[in-house]
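According to UniProt numbering, the sequence shown is numbered sequentially starting from 1. For each residue, glycine too, the CB sits at the ideal point set by N, CA and C. Data first, discussion second: the structure below is written as structure tokens.
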Amino acid sequence: KAVTEILEKLKDARENGKVVKEDILEKLKEIRQMLKDLKQDISILAKELLDKLMD
1 KAVTEILEKL
11 KDARENGKVV
21 KEDILEKLKE
31 IRQMLKDLKQ
41 DISILAKELL
51 DKLMD
């Protein structure tokens, strides 16, 4: 939800002609990568739990 709000604010800023600073873009890239990593970690954990349940 928080990521969606950030993206909406960036979209609004761009549409209103405001400049998005490069450091903000870099931070967003970092956040995006963290979320991708977290998704992978959760997927791996879920698979391990399912494997344990199947045993």
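So, helix, strand or coil for Asp-55, using DSSP? Asp-55 falls in the coil class under three-state DSSP.
Within its chain, find whatever has a CB closer than 6 Å to the CB of Leu-35; leave out the 5 residues flanking it on each side and keep chain order. Nothing meets the Cβ criterion.
What residues in its chain sit with their C-beta under 6 Å from that of Lys-47, if we drop five residues either side in the sequence? Around Lys-47: no qualifying Cβ.
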